[in-house]
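Asker:
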Amino acid sequence: MPVRQGNRRETSSQKGSDYSDAVIEFQNHRGYFLDTRAEDSGEAEDLVFIPKAGNRSKVVAEVKYRSSEKSGLSPNDYVEEFAKRFYQWSEGAYRGYEFNLFASKSANEQLWLDLFKRLKDDAVKSFFEKMKEESEGAYQSFLDKHDSSRFKRFLENSYIWIDYEIGDFERIISRNEETGEYRYDPYAINYAPVRESGIHKSNLLQVVELPPELYRVPAADGVTTKKFYSHDPHDVLPIHYHNNEIYSLVHPDEFDEETSNMCSEGSFEATSLREFAVRNPSETEVNISKVLVRGIVTTIANRIGAEVNRERRDTRVYMRHEDEDLKVNGKWVTQQLDTGEVRHRSVTVFVKFFTEHYYLGLYPTTEFTKDGQELVSGHRKKYLSDRFNPGNFPQNNRKSSTVEIWLSELALEQSLTRFKLPSNLQTVQIQRVEDLILEGVRPPESGDERNQLVENQLKGAINPEDTE
């Protein structure tokens, strides 16, 4: 049945959330009335729906929202809950109901697909045994009476809406209103394509001309990944430590003193970056090259006064806030809140390798800082994220506007010589990818398939019929 994915939250922490509202609106367009809502009625279930017409089953739904900095929901995080749901569906209070799980962010996507899309016997049996091991009391007794075949029927009759954000629900609803058609099962077994066409704004930039040289320097004794990245400039510069070797797009003669002290005395090796990064590279070489290419952007971001932060396992860029709100083209980029904290219109920088080229991407995000520079974290970040949930605003317009602001600020398509970059970076050329046209394609089954679709577009070789 349909599969995509997200992460965990308890109902009490999500009262009044925009995500639950979006699910209710989405279900309304699927043909269901809301019967009860936990935060309103005190019922144990997040949401219960009844069909508007026909012989369809009632739906009991659980909603799992995860903000961007949280990890995604894996089936292994939900073992006891699945045992409970299986029991309720089989002989409990919700016998005959259809179970739906809505989640905004995923982890262990392969297992979700194996359980709910592919229904692989070995995966189903293994997960069933895991439920038996981790369950107690009535649920354990119930599981002991059955085998995995009945659990498989439960999986077949459940709908798992994974990796659906608010904007995804809004997009489907909008398409339904425009076409009069609605196909609520985006992962139907035959994968029939949604007949949709249009121009999609690109947030990708192609690195047309890479830096000519790659410098490889043996690391000094005692250097570790942790020690290397404890030196703040290494979060910004196009430099990377891997397997006792330092890879850099900056000439070693331009290293600062602390970086130089991390290098083994003696010579370094200068090689062609293109040969290393493009000509039949290994997976490790591609990953190293991605870090270095990303460092070109973060170096420029640092030069224009932006903050570069890698504390949350990705690379976030936001403008520092000074004495007053910062605006670009009439739109705020930093905004002081009445609490004293600062909201930032920011981007996450990522790199893809397609068709012998590296592509930079800017993904729009919202960050909060204590003083204009230091990120807010923990419960306070969650409170601010909920209060200023981007779901309150038009998603496409907001995201497009943020990308355009940062493209304007970074000015990556212009000559980079004005930034006084290290000598090896002076000849880099970057060009924005033109708008992408997708027509007659279904939603991608996985991240790998999504990457393949984009790569085909960049080649100009996509055939809508090939996706059926």
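Residue numbers for the sequence shown follow the working numbering, so the first one is 131 and each next one is one higher. Using N, Cα and C, we set each Cβ at its ideal position, and we do this for glycine too.
(1) Would you mind reading off the limits of the alpha helix (DSSP H) that contains Asn417?
(2) Secondary structure at Asn586, three-state DSSP: helix, strand or coil?
(3) Within the 8 Å Cβ cut-off, does Asn581 reach chain C?
(4) Given this structure, state the Cα-to-Cα distance separating Gly222 from His276, to the nearest angstrom.
(5) If you follow the alpha helix (DSSP H) that Glu155 is in, where does it begin and where does it stop?
(6) Within a Cβ cutoff of 8 Å, which residues of the same chain sit near Arg424, ignoring the five residues on either side of it in sequence?
(7) Can the beta-carbon of Leu566 be found closer than 8 Å to that of Ser332?
(8) Buried or exposed for Glu295, please, with buried defined as at least 16 other CB atoms from any protein chain shown within 10 angstroms of its CB.
(9) In the DSSP output, which residue or residues are listed as bridge partners for Glu343?
(10) Can you tell me the Cα-Cα spacing of Ile430 and His364, whole angstroms?
(11) Which one of Lys194, Gly267, Ala541 and Glu228 has the shortest CA to CA distance from Thr428?
(12) How would you call Asn554, buried or exposed, if buried means at least 16 neighbouring beta carbons within 10 angstroms?
(13) Less than 8 Å between the CB atoms is what I'm expecting for Glu228 and Tyr269, so what's the real figure, rounded?
(14) Under 8 Å, do Phe232 and Leu285 count as touching if we go by C-beta distance?
(15) I'd like to check one pair, Glu266 with Val209: are the Cβ atoms closer than 8 Å?
(16) Alpha carbon to alpha carbon, how far is Gly502 from Ile535? Give it in angstroms, no decimals.
(17) Buried or exposed, going by whether 16 or more other CB atoms sit within 10 Å of the CB of Tyr377?
(18) Give me, in chain order, the residues of the same chain whose beta-carbon lies closer than 8 Å to that of Val563; leave out the 5 immediate sequence neighbours on both sides.
(19) Thinking C-alpha only, which one of Arg283, Val338 and Arg473 is nearest Glu454?
(20) Just curious, the alpha helix (DSSP H) that Asn391 is in, first and last residue?
(21) For Trp219, which residues does DSSP report across the bridge?
(22) Excluding sequence positions up to five away, which residues of its chain have a Cβ less than 6 Å from the Cβ of Phe156?
(23) Considering only residues of the same chain and omitting the five flanking positions on each side of Ser150, which have a CB-CB separation below 6 Å?
(24) Using the C-alpha atoms, what's the distance from Gln582 back to Phe484?
(25) Check Asn581 in the structure and name its three-state DSSP category.
(26) Can you grab the Cα-Cα spacing for the pair Arg548 / Val463, in whole Å?
(27) Tell me the residue span of the beta strand (DSSP E) that contains Ala541.
(28) Just confirm the distance between the C-beta atoms of Val421 and His370, as a whole number of angstroms; I'd bet it's less than 8 Å.
(29) If we call anything under 8 Å between Cβ atoms a contact, is Ser402 one with Pro348?
(30) Using the Cβ count rule (16 or more neighbours within 10 Å means buried), how would you classify Val584?
(31) Run through DSSP, which three-state label would Gln270 get?
(32) To the nearest angstrom, how far is the alpha carbon of Asn238 from that of Ile292?
(33) Give the straight-line distance between the Cα atoms of Thr414 and Leu177, rounded to the nearest whole angstrom.
(34) Output the residue ranges of the beta strand (DSSP E) runs that lie fully inside the segment 465–513 and measure 3 residues or longer, sorted by chain position.
(35) With distances taken from CA atoms, which of Glu384, Ile418, Val408 and Arg443 is nearest Lys200?
(36) Would you give the residue range spanned by the alpha helix (DSSP H) that Ala237 belongs to?
Answerer: On the basis of the data shown:
(1) Here the alpha helix (DSSP H) through Asn417 covers Glu413 to Arg433.
(2) It is helical.
(3) The chain inventory of the structure shown lacks chain C, comprising one protein chain alone.
(4) Each residue's Cα considered, the two are about 15 Å apart.
(5) Asp148 to Arg160 is the extent of the alpha helix (DSSP H) around Glu155.
(6) Cβ neighbours of Arg424 beyond the five flanking positions: Pro368, Thr445, Val479, Phe480, Val481 and Leu490.
(7) Judged by beta-carbon spacing, Ser332 lies within the 8 Å limit of Leu566, meaning their Cβ atoms are closer than that value.
(8) Using a 10 angstroms sphere on the CB of Glu295, the tally of other CB atoms reaches 16 or more, which defines it as buried.
(9) Per DSSP, Ser402.
(10) In a straight line, the C-alpha of Ile430 is about 14 Å away from that of His364.
(11) Of the residues Lys194, Gly267, Ala541 and Glu228, the one whose Cα lies closest to the Cα of Thr428 is Ala541.
(12) By the Cβ neighbour-count rule, Asn554 is buried, with 16 or more other Cβ atoms within 10 Å of its own.
(13) Rounded, the Cβ-Cβ distance is 20 Å, inconsistent with contact.
(14) By the CB criterion at 8 Å, Phe232 and Leu285 fall outside the cutoff.
(15) Taking 8 Å as the Cβ cut-off, Val209 and Glu266 do not qualify as a contacting pair.
(16) Looking at the two C-alpha atoms, the distance is approximately 18 Å.
(17) Buried.
(18) Ser332, Leu334, Leu335, Gln336, Tyr489 and Leu588.
(19) Of the candidates Arg283, Val338 and Arg473, the one whose C-alpha sits nearest the C-alpha of Glu454 is Arg473.
(20) Start and end: Glu387 to Asn391.
(21) Per DSSP, none; premise fails for Trp219.
(22) The residues are Phe299.
(23) Answer for Ser150: Val193, listed in chain order.
(24) Here the alpha carbons of Gln582 and Phe484 stand approximately 9 Å from one another.
(25) Helix.
(26) Whole-angstrom Cα-Cα distance: 23 Å.
(27) Per DSSP, Ala541 belongs to no beta strand (DSSP E) and is neither H nor E.
(28) That belief holds up - the Cβ atoms of Val421 and His370 are roughly 4 Å apart, short of 8 Å.
(29) A distance of 8 Å or more separates the beta carbons of Ser402 and Pro348.
(30) Result: buried.
(31) Judged by DSSP in its simplified three-state form, Gln270 adopts helix.
(32) If I take the Cα positions, the gap works out to 11 Å.
(33) Our two residues, Thr414 and Leu177, have alpha carbons roughly 45 Å apart in a direct line.
(34) The qualifying runs are 472–484 and 487–499.
(35) The shortest CA-to-CA distance from Lys200 to any of Glu384, Ile418, Val408 and Arg443 is the one to Arg443.
(36) Per DSSP, Ala237 belongs to no alpha helix (DSSP H) and is neither H nor E.
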